[in-house]
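**Q**
6 protein chains.
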Amino acid sequence: MILLTRKADFSAAHFYWNDQWSDEENFRVFGKCSNRQGHGHNYTLEVTVAGEVDPVTGFVVDLKLLKEILEREVVSVYDHRHLNYEVPEFAHTIPTTENIAVAIWRRLAGKIPHAKLQRVRVYEMPDLFADFYGEGA
Amino acid sequence: MILLTRKADFSAAHFYWNDQWSDEENFRVFGKCSNRQGHGHNYTLEVTVAGEVDPVTGFVVDLKLLKEILEREVVSVYDHRHLNYEVPEFAHTIPTTENIAVAIWRRLAGKIPHAKLQRVRVYEMPDLFADFYGEGA
Amino acid sequence: MILLTRKADFSAAHFYWNDQWSDEENFRVFGKCSNRQGHGHNYTLEVTVAGEVDPVTGFVVDLKLLKEILEREVVSVYDHRHLNYEVPEFAHTIPTTENIAVAIWRRLAGKIPHAKLQRVRVYEMPDLFADFYGEGA
Amino acid sequence: MILLTRKADFSAAHFYWNDQWSDEENFRVFGKCSNRQGHGHNYTLEVTVAGEVDPVTGFVVDLKLLKEILEREVVSVYDHRHLNYEVPEFAHTIPTTENIAVAIWRRLAGKIPHAKLQRVRVYEMPDLFADFYGEGA
Amino acid sequence: MILLTRKADFSAAHFYWNDQWSDEENFRVFGKCSNRQGHGHNYTLEVTVAGEVDPVTGFVVDLKLLKEILEREVVSVYDHRHLNYEVPEFAHTIPTTENIAVAIWRRLAGKIPHAKLQRVRVYEMPDLFADFYGEGA
Amino acid sequence: MILLTRKADFSAAHFYWNDQWSDEENFRVFGKCSNRQGHGHNYTLEVTVAGEVDPVTGFVVDLKLLKEILEREVVSVYDHRHLNYEVPEFAHTIPTTENIAVAIWRRLAGKIPHAKLQRVRVYEMPDLFADFYGEGA
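Chains as they are written, first to last, in this note's numbering: chain A, -10 to 126; chain B, -10 to 126; chain C, -10 to 126; chain D, -10 to 126; chain E, -10 to 126; chain F, -10 to 126.
1. For the alpha helix (DSSP H) that Ala90/D lies in, which residues bound it at each end?
2. So what's Glu113/D in DSSP terms, helix, strand or just coil?
3. Mind checking which residues open and close the beta strand (DSSP E) that includes Asp(-2)/A?
4. Let me see if you follow: with CB-CB separation under 8 Å, is Lys21/A close to chain D or not?
5. If you follow the alpha helix (DSSP H) that Glu57/B is in, where does it begin and where does it stop?
6. With a CB to CB cut of under 7 Å and the five nearest residues on each side skipped, what residues in its chain are close to Cys22/C?
7. Return the chain-ordered list of same chain residues with a C-beta closer than 6 Å to the C-beta of Glu78/D, the five sequence neighbours on each side being excluded.
8. Just list the residues that DSSP pairs Phe121/E with in beta bridges.
9. Quick one: give me the first and last residue of the beta strand (DSSP E) that Val38/C is part of.
10. Can you tell me which of Glu13/F, Lys56/F, His69/F, Ala2/F puts its alpha carbon nearest to the alpha carbon of Lys100/F?
11. For Glu62/E and Pro84/E, what's the separation of their Cα atoms in angstroms?
12. Give a yes or no on whether the C-beta atoms belonging to Glu13/A and Arg110/A are separated by under 8 Å.
13. Going straight from the alpha carbon of Val49/C to that of Gly27/D, what length do you get?
14. Measure from the C-beta of Phe48/F to each C-beta in chain E and report whether the shortest distance is under 8 Å.
15. Could you name the residues of chain D that Val45/A contacts, counting a contact when the two beta carbons are closer than 7 Å?
16. Which residues in the same chain have their Cβ closer than 6 Å to the Cβ of Val18/C, if we skip the five residues on either side of it in sequence?
17. Would you kindly report the start and end of the unbroken alpha helix (DSSP H) that includes Val45/D?
18. Counting contacts by CB-CB distance shorter than 8 Å, is Thr37/D in contact with chain A?
19. Compile a chain-ordered list of the residues in the segment 83 to 112 of chain A whose CB is closer than 8 Å to at least one CB of chain C.
20. Gly20/F: buried (16+ other C-beta within 10 angstroms of its C-beta) or exposed?
21. Using the rule of at least 16 other Cβ atoms within 10 Å of the residue's Cβ for burial, across every protein chain shown, is His30/C buried or exposed?
22. Taking only the alpha-carbon atoms, compute the straight-line gap between Met(-10)/D and Asp43/D and give it to the nearest angstrom.
23. If contacts are defined as beta-carbon pairs under 8 Å, then Leu106/C and Val38/C qualify, I think. What distance do you get, rounded to the angstrom?
24. Per DSSP, His71/A forms a beta bridge with which residues?
25. From Trp94/C to Arg70/C, what distance separates their C-alpha atoms?
26. Would you call the CB atoms of Asn7/A and Val45/C closer than 8 Å?
27. Using 8 Å as the limit for Cβ to Cβ distance, is Glu60/A near chain B?
28. Quick check on this structure: which residue in Asn15/D, Ala(-3)/D, Glu113/D has the alpha carbon closest to the alpha carbon of Lys53/D?
29. Would Tyr32/B and Tyr122/B qualify as a contact pair, given that the criterion is a beta-carbon distance under 8 Å?
30. In terms of residue numbering, what span does the alpha helix (DSSP H) encompassing Glu13/E cover?
31. Pick from Ala1/B, Ala104/B, His81/B: whose alpha carbon is nearest that of Gly47/E?
32. Would Ser11/E be called buried (16 or more neighbouring beta carbons within 10 Å of its own) or exposed?
33. Is it buried or exposed, Gly125/B, if we count other Cβ atoms within 10 angstroms and call 16 or more buried?
34. Does DSSP put Pro102/F in a helix, in a strand, or in coil?
35. Can you check whether the CB of Asp68/F is closer than 8 Å to the CB of Phe118/F?
36. Can you tell me the Cα-Cα spacing of Asp120/F and Arg(-5)/B, whole angstroms?
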């Protein structure tokens, strides 16, 4: 078994806010991330798949296909969007790095033929990232 | 004469829009950057100053002071903000990478003691940046 | 369960030396790292914590708190210090990348509320790093 | 137990081609990678070894020795070479990132004294890499 | 006046060889780069243009157009190619980093509307790059 | 004319101290950099040379020779050294990034055949660097 990882980038706006809380409580917990005009990031996504190397192609997964799946399922939906306002899974879920990793896992699960989705890593900044290995992990 | 460059980071939301134009024209020129909900970036700012090395300190400029100036004049104003809605110079100017570089130059000009502001470089993404050398350059 | 990783930097001096050995033996084993005047590095620390995402905040761990813990427990002690002479755990232990990773683990273990310390990674240079997963791992 | 990872670089040419297929089939599956003149990459290799920290040296593995092994077993054979034409393991195996990772594992297995080979990671580009953990993994 | 720089990547094979010389002389001067099977690199191209910021768009140059020009004039010709055998300007000119920078300048000169081509930078490796400012510079 | 830039790395210890000042004054001006045990950095050096491309070799400068010169004149003297105590030019000059850039210029000036030394850039950290263009610049 071998693991293959491909990166993709998207630029998006977001903010952190819990509707159940007062403005003061949101600011106390989320600090400057609670600014409701939003701010943004250049996110980097790393998707890892696991499988056997196909002896005919030398591939775990067809790279062009993997790129198309990431583009269609994630990048075309998140890139140049405001996550809180325009991406449905964040209508009632705060788009933290952790929650974005889980959401991308759910978008990709079952979509990659002949290989197992192993890990979704999301960098919000070069010095902060979240890893998700799936619901049962 | 020697040049000293210091980097700083800020994360902000923005979009490109010309009020004189129709929605269609904005989309035609600015593409997905015209989405008015905004998207965002991790911007990197590089500020270069020029001067003589002070023989007593070995510095062109006091680094702690330079860091404070960048923080006070730029980062505290731009970081975790929506540039179009919350930063005054972009109320009527589109926050392109070029215009952000010019705006930061104007914020810093004349503020750095004992050294000449030489260049402001702004990276919107790792593969796109603008350089401004001042009004008369 | 999800993993969250945060980076921090510190700049420190060190050298490699075993007091039980002759100068020649130290030089034979440690090469130029045995120079007792010391040399130094920009170290990068990556701390990974594991836990459930809090549905109220979307966080595995409060990021501001995590940053404060890394600053208080590690960066304020190691940064701009000579590890051999000024950091107590290296008085009788050689500050190799491996030993620094173990020492940072011990400084952080039990200090991060609501999450499990999963991994400490230390880069001495961009092309050399050590990972420690804890005493029983 | 602790893990130590060291990087090394090599620049090589390669192309993807299956002799059992027609030119059209090769182009359909491998796209521009099927150009038989070859193209090339700056590959980055990350080799991870696992072991106990030697209390006398503070090392899992002697770093100078590890560097020599990587140089002798891999870099001197792959660097500035055309993988398809000049490296024997790719005479009949397509040099995909996956297959290169497996081949490097086989070149290194059993060659590193006092430590266990844990993982071989090969970057073909900064946004694409393969990980191999050994035949039984 | 402001400068805008955009990066692009291409992966290509090449080797260094002077037909006027013996094999020994080629190896003496070019070392392992003289291997005629070729080796390869992930090249990074940085193209800098200079101009006034258009007050209507905030752009020095239309970014989508600039990207298309780089793709059409350079990347589509060089990427996944063997420079010596497949790119006409290197049929009789050695594809050193210096000569690649000059060749890309000539491909781009006069092709970028409303802005002046200012600099072409080519990275062969992260630690080696050439800059060309044009024939008269 | 074309410019060629090559990078090299060295790891060294240093501190900032002016013997004419009291301990308090040194701490006031230099902060944690004034710790006389020293701290350290992974420095990156970028050396740029300018010249005509030799039509026979395609080189501005012989790369193997340039690498040897950087190794002999700079890296072998600075790497794994304590700059204040072991490098003669810093016996009475504070090893700030600015002064290191000037010192490296003086070590290299006149040593590179067939090309003009154009710029010496020294990174102390990824976010701080100094550029020196020579005494008369």
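Heads up, the beta-carbon is just placed ideally off N, CA and C, and yes, glycines get one too. Model, not experiment: these values are computed from the prediction.
**A** Taking the definition as stated:
1. Locating residue 90/D in the fourth sequence gives position 101, counting from the first residue. First-last of the alpha helix (DSSP H) with Ala90/D: 86 to 97.
2. Numbered from 1 along the fourth sequence, position 124 holds the residue referred to as residue 113/D. In the displayed model, Glu113/D falls within a strand according to three-state DSSP.
3. Numbered from its first residue, the first sequence carries residue -2/A at position 9. -9 to 3 is the extent of the beta strand (DSSP E) around Asp(-2)/A.
4. By one-based count along the first sequence, residue 21/A stands at place 32. It does not; no Cβ of chain D falls within 8 Å.
5. Mapped onto the second sequence, residue 57/B falls at position 68. First-last of the alpha helix (DSSP H) with Glu57/B: 52 to 59.
6. Position 33 of the third sequence, counted from the start, is the residue given in the question as residue 22/C. Only Phe4, Tyr5 meet the Cβ criterion.
7. Taking the first residue of the fourth sequence as 1, we reach residue 78/D at position 89. Excluding positions up to five away in sequence, the list reads Ala92.
8. For this step, residue 121/E is matched to residue 132 along the fifth sequence. According to DSSP, Phe121/E bridges with Val109/E, Ile(-9)/F.
9. Counting from 1 along the third sequence, the entry for residue 38/C is found at position 49. The continuous beta strand (DSSP E) containing Val38/C extends over residues 28 to 40.
10. As a working mapping, residue 100/F is identified with position 111 in the sixth sequence. Nearest option by C-alpha distance: Lys56/F.
11. Looking up residue 62/E in the fifth sequence gives position 73. Looking up residue 84/E in the fifth sequence gives position 95. Looking at the two C-alpha atoms, the distance is approximately 17 Å.
12. Taking the first sequence and counting its residues from 1, the one referred to as residue 13/A is at position 24. Taking the first sequence and counting its residues from 1, the one referred to as residue 110/A is at position 121. Taking 8 Å as the cut-off, the Cβ atoms of Glu13/A and Arg110/A do not count as close.
13. In the third sequence, counting from the first residue as 1, residue 49/C sits at position 60. In the fourth sequence, counting from the first residue as 1, residue 27/D sits at position 38. Looking at the two C-alpha atoms, the distance is approximately 47 Å.
14. Locating residue 48/F in the sixth sequence gives position 59, counting from the first residue. Chain E, which has a Cβ nearer than 8 Å to the Cβ of Phe48/F, makes this yes.
15. Looking up residue 45/A in the first sequence gives position 56. Near Val45/A (Cβ distances below 7 Å), the residues of chain D are Asn7.
16. Start at 1 with the first residue of the third sequence, and residue 18/C comes out as number 29. Same-chain partners within the cutoff: there are none.
17. In the fourth sequence, the residue the question calls residue 45/D occupies position 56. No alpha helix (DSSP H) contains Val45/D, which DSSP labels as neither H nor E.
18. In the fourth sequence, residue 37/D corresponds to position 48, counting from 1. Cβ-Cβ to chain A under 8 Å: no for Thr37/D.
19. Across the segment 83 to 112 of chain A, CB contacts with chain C closer than 8 Å involve Ile83, Pro84, Thr85, Thr86, Glu87, Asn88, Ala90, Val91, in sequence order along the chain.
20. Residue numbering aside, residue 20/F sits at position 31 when the sixth sequence is read from its first letter. Classification of Gly20/F: exposed, given that the 10 Å Cβ count is below 16.
21. As a first step, residue 30/C must be located in the third sequence, where it is residue number 41. In summary, His30/C is buried, with 16 or more beta-carbon neighbours lying within 10 Å of its beta-carbon over all protein chains present.
22. Position 1 of the fourth sequence, counted from the first residue, corresponds to residue -10/D. Position 54 of the fourth sequence, counted from the first residue, corresponds to residue 43/D. Asp43/D has its alpha-carbon roughly 10 Å from the corresponding atom of Met(-10)/D.
23. Taking the third sequence and counting its residues from 1, the one referred to as residue 106/C is at position 117. Taking the third sequence and counting its residues from 1, the one referred to as residue 38/C is at position 49. Rounded, the Cβ-Cβ distance is 6 Å, consistent with contact.
24. As a working mapping, residue 71/A is identified with position 82 in the first sequence. Within the DSSP bridge table, the entry for His71/A names Ala2/A as partners.
25. The sequence position of residue 94/C within the third sequence is 105, counting from 1. The sequence position of residue 70/C within the third sequence is 81, counting from 1. About 19 Å.
26. Looking up residue 7/A in the first sequence gives position 18. Looking up residue 45/C in the third sequence gives position 56. Between Asn7/A and Val45/C, the C-beta spacing is below 8 Å.
27. One-based indexing of the first sequence puts residue 60/A at position 71. False, the Cβ-Cβ gap to chain B never drops below 8 Å.
28. For the purposes of this step, residue 53/D is identified with residue 64 of the fourth sequence, where counting begins at 1. The option with the nearest alpha carbon to Lys53/D is Ala(-3)/D.
29. Residue numbering aside, residue 32/B sits at position 43 when the second sequence is read from its first letter. Residue numbering aside, residue 122/B sits at position 133 when the second sequence is read from its first letter. Contact: no.
30. Here the question's residue 13/E lines up with position 24 in the fifth sequence. Going by DSSP, Glu13/E is part of the alpha helix (DSSP H) stretching over 12 to 19.
31. Translated into the one-based positions of the fifth sequence, residue 47/E becomes position 58. Closest in alpha carbon position to Gly47/E, among Ala1/B, Ala104/B, His81/B, is His81/B.
32. Taking the fifth sequence and counting its residues from 1, the one referred to as residue 11/E is at position 22. Under a 10 Å Cβ-count criterion, Ser11/E is classified as exposed, with fewer than 16 other Cβ atoms of the shown protein chains found around its own Cβ.
33. For this step, residue 125/B is matched to residue 136 along the second sequence. Exposed, since its Cβ has fewer than 16 Cβ neighbours within 10 Å.
34. Translated into positions along the sixth sequence, residue 102/F becomes position 113. In the structure shown, the three-state DSSP call for Pro102/F is coil.
35. As a working note, residue 118/F is residue 129 in the sixth sequence. As a working note, residue 68/F is residue 79 in the sixth sequence. With a cutoff of 8 Å on beta-carbon distance, Phe118/F and Asp68/F are scored as not near each other.
36. Position 131 of the sixth sequence holds residue 120/F. Position 6 of the second sequence holds residue -5/B. Cα to Cα, Asp120/F sits roughly 12 Å from Arg(-5)/B.
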